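One structure is given below, encoded as structure tokens.
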Amino acid sequence: MKLEVLDWSAAQARVMPLREAVFVLEQGVPASIERDAFDTVSRHAALYGVDDVVIATGRLLPDGHIGRMAVAAAHRGSGLGSQVLTALMDEAVRLGMAEVCLNAQTHACDFYRRHGFVEAGEVFMEAGLPHVSMRRVLHPA
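In terms of our numbering, the sequence shown has 10 at position 17, counting the first letter as 1, and numbering is strictly consecutive.
Laid out in structure tokens, this is it:
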């Protein structure tokens, strides 16, 4: 498998089919809010499976916010989300960020805790789904 961190012009056509499948079709997030203005200024991780199809993705905003973490249903639980998250944290370190944050869907909090994230607030609703803010301090390599 190949993992790349790309700008939006290179990532868009590659990551959007997966994001739409996970967020819009599976989770019912309106398509009108799934894609936003932050895409163009973010760095996007793309992990490819067979036939160069993206099977896991996530993005890193310039302020250190990680989001749009998605793994294809058939590949969940196989460590691909960890690979994407690690790549985004490595990119944040490369860009000189001291901390990353994210709004985790509550069912995914244990996943992020295993990667050193801690809760930083109360549960709130975003796109009709319960979330909690989480943070992690980064240590340069």
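Just so you know, even glycine gets a beta-carbon here, dropped at the ideal spot from N, CA and C.
For clarity, every value in this text was computed on a predicted model and none was experimentally measured.
The bridge partners DSSP lists for residue 125 are 97. The alpha-carbon of residue 21 is positioned some 23 Å away from that of residue 77.
Nearest to residue 84 by alpha-carbon distance, out of 69, 107, 56, is 56. Annotation for residue 118: the continuous beta strand (DSSP E) segment containing it runs 117 to 119.
By DSSP's assignment, residue 41 forms a beta bridge with -5, 47. Spanning the alpha carbons of residue 108 and residue 120 requires a straight line of approximately 24 Å. Counting other Cβ atoms within 10 Å of its Cβ, residue 117 stays below 16 and is therefore classed as exposed. According to the DSSP assignment, residue 60 belongs to the beta strand (DSSP E) that extends over 58 to 64. In its chain, beyond the 5 residues on either side, 35, 36, 59, 81, 84, 85 have a beta carbon closer than 7 Å to the beta carbon of residue 53.
In the three-state scheme derived from DSSP, where H, G and I count as helix and E and B as strand, residue 111 is classed as strand. Counting the other CB atoms within 10 Å of its CB gives residue 48 a total of 16 or more, which places it among the buried residues.
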